[in-house]
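S.K.: Heads up: the protein sequence lines correspond to chains W and R, in order. Residue 61 in the working numbering sits at position 61 of the first sequence, with consecutive numbering throughout. Add 1000 to a position in the second sequence, counting from 1, and you land on the number used in the working numbering. Beta carbons are placed, not taken as given, at the ideal position from N, Cα and C, and that holds for glycine. Small disclaimer: the values here were computed from a predicted structure and weren't measured.
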Amino acid sequence: GESVGLHLPTLSVQEGDNSIINCAYSNSASDYFIWYKQESGKGPQFIIDIRSNMDKRQGQRVTVLLNKTVKHLSLQIAATQPGDSAVYFCAETGASNTGKLIFGQGTTLQVKP
Amino acid sequence: GAGVSQTPSNKVTEKGKYVELRCDPISGHTALYWYRQSLGQGPEFLIYFQGTGAADDSGLPNDRFFAVRPEGSVSTLKIQRTERGDSAVYLCASSPRMGGNTGELFFGEGSRLTVL
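1. To which residues of the same chain is Ala95/W closer than 8 Å at the C-beta, ignoring the five residues directly before and after it?
2. Using C-beta distances below 7 Å, list every residue in its chain close to Val111/W, excluding the 5 sequence neighbours before and after it, in chain order.
3. List the residues of chain W whose Cβ lies closer than 7 Å to the Cβ of Tyr1033/R, in chain order.
4. Taking the alpha-carbon of Gln105/W as reference, which of Lys42/W, Gln38/W, Phe89/W, Ile20/W has the nearest alpha-carbon?
5. Compare the Cα-Cα distances from Phe1066/R to each of Pro1043/R, Ser1038/R, Tyr1033/R, Ile1026/R and report the closest residue.
6. Which chain W residues are close to Tyr1048/R, counting only those with a beta carbon under 8 Å from its beta carbon?
7. Just checking: is the beta-carbon of Ile20/W within a distance shorter than 8 Å of some beta-carbon in chain R?
8. In the DSSP assignment, what residue or residues form a beta bridge with Asp1086/R?
9. Does the Cβ of Ile170/W have 16 or more other Cβ atoms within 10 Å, making it buried, or fewer, making it exposed?
10. Hey, is Lys56/W's beta-carbon within less than 8 Å of any beta-carbon in chain R?
11. Listed in chain order, which residues of the stretch 1044 to 1078 of chain R have Cβ atoms closer than 7 Å to some Cβ of chain W?
12. Are the CB atoms of Ser52/W and Lys71/W nearer to each other than 8 Å?
13. Please go through the same chain and pick out, in chain order, the residues whose beta-carbon is closer than 6 Å to the beta-carbon of Thr1076/R, but skip the five residues on each side of it.
14. Nearest by alpha-carbon distance to Ile1047/R: which of Arg1036/R, Glu1071/R, Val1004/R is it?
15. Compare the C-alpha of Tyr1090/R against each of Ser1009/R, Phe1106/R, Gly1110/R and name the closest.
16. Grab the span of the beta strand (DSSP E) containing Leu1113/R for me, first residue to last.
17. By how many angstroms is the C-alpha of Tyr32/W removed from the C-alpha of Pro1008/R?
18. Taking the Cβ atom as the reference point for each residue, do Asp1056/R and Lys56/W lie within a distance shorter than 8 Å?
19. Does the distance from the C-beta atom of Gly43/W to that of Phe1107/R stay below 8 Å?
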């Protein structure tokens, strides 16, 4: 079935270091991928997205890499800050054309001062 | 308002009771989604509306769950005969999505349901 998973449940980094959060997806039909950040008690917040015809996209301090060959997605956060501490979810469209997103389990990012 | 609004933010009920959760999407967004998020898990899809109609309800776990969007804006998720396993955060999201293009979903802060 369709599934999206993350390799590590918790990632701990030092403030100022770069963070890399990984995600594996299973559905090769997915054409859109998105990273969300969720702080405690809040809804998921958009970080960055990428379509399947791209392999890299950059935002402010964040970069998403897509490797369709091995069905792998990663989120890189440069110069990680305490405010980046949250749970990060990757999501994919799967085989659906309704726009619904299938979420992974999430990685908790802890930033140590 | 500027974002997706969900009420109530917290709901505690007893097993067997009926609950309604409301979602007010971003003005003009035609697509509306309900998700359920259990502790330590990612959001799970429940149902998707395009306008007034439920275009995909494949995620509803059973017939105790029902959702409506009668005027194509506000949506209500209804849960009958609640069970303890229904305890979760119910998230609503909206999107300006039209014509089959996939894009970002804008989430509300969720309604936390606790069934005792």
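M.R.: To lay it out plainly:
1. Counted from its first residue, the first sequence places residue 95/W at position 95. Excluding positions up to five away in sequence, the list reads Glu2, Asn27, Ala29, Ser30.
2. Taking the first sequence and counting its residues from 1, the one referred to as residue 111/W is at position 111. Hits under 7 Å: Val13, Glu15, Thr80, Gln81, Pro82, Asp84, Ser85.
3. Residue 1033/R sits at position 33 when you count from the first residue of the second sequence. Going along chain W in sequence order, the residues near Tyr1033/R (Cβ under 7 Å) are Lys100.
4. Indexing the first sequence from 1 puts residue 105/W at position 105. It is Phe89/W.
5. Stepping through the second sequence from its first residue, residue 1066/R is reached at position 66. Closest option to Phe1066/R, Cα to Cα, is Tyr1033/R.
6. As a position in the second sequence, residue 1048/R is number 48, starting the count at 1. Ordered by position in chain W, the residues that pass the 8 Å Cβ test against Tyr1048/R are Thr98, Gly99, Lys100.
7. Along the first sequence, one-based indexing puts residue 20/W at 20. Chain R, which has no Cβ nearer than 8 Å to the Cβ of Ile20/W, makes this no.
8. As a first step, residue 1086/R must be located in the second sequence, where it is residue number 86. Asp1086/R is not bridged by DSSP to any residue.
9. The question about residue 170/W has no answer, for chain W in this structure spans 1 to 113.
10. Position 56 of the first sequence, counted from the first residue, corresponds to residue 56/W. Not closer than 8 Å to any Cβ of chain R, the Cβ of Lys56/W fails to qualify, so no.
11. Across the stretch 1044 to 1078 of chain R, CB contacts with chain W closer than 7 Å involve Phe1045, Tyr1048, Ala1055, Asp1056, in sequence order along the chain.
12. Locating residue 52/W in the first sequence gives position 52, where the first residue counts as 1. Locating residue 71/W in the first sequence gives position 71, where the first residue counts as 1. Contact flag unset, no.
13. Taking the first residue of the second sequence as 1, we reach residue 1076/R at position 76. Hits under 6 Å: Glu1020, Arg1022, Val1068.
14. Within the second sequence, numbered from 1, the residue matching residue 1047/R stands at position 47. Nearest C-alpha to Ile1047/R among Arg1036/R, Glu1071/R, Val1004/R: Arg1036/R.
15. The residue given as residue 1090/R occupies position 90 in the second sequence. Comparing alpha carbon positions, the residue from Ser1009/R, Phe1106/R, Gly1110/R closest to Tyr1090/R is Gly1110/R.
16. Mapped onto the second sequence, residue 1113/R falls at position 113. 1111 to 1115 is the span of the beta strand (DSSP E), which, as asked, contains Leu1113/R.
17. Taking the second sequence and counting its residues from 1, the one referred to as residue 1008/R is at position 8. Taking the first sequence and counting its residues from 1, the one referred to as residue 32/W is at position 32. Going by the C-alpha atoms only, they are around 32 Å apart.
18. Translated into the one-based positions of the second sequence, residue 1056/R becomes position 56. Translated into the one-based positions of the first sequence, residue 56/W becomes position 56. By the CB criterion at 8 Å, Asp1056/R and Lys56/W fall outside the cutoff.
19. Here the question's residue 43/W lines up with position 43 in the first sequence. Here the question's residue 1107/R lines up with position 107 in the second sequence. Yes, they are a contact pair.
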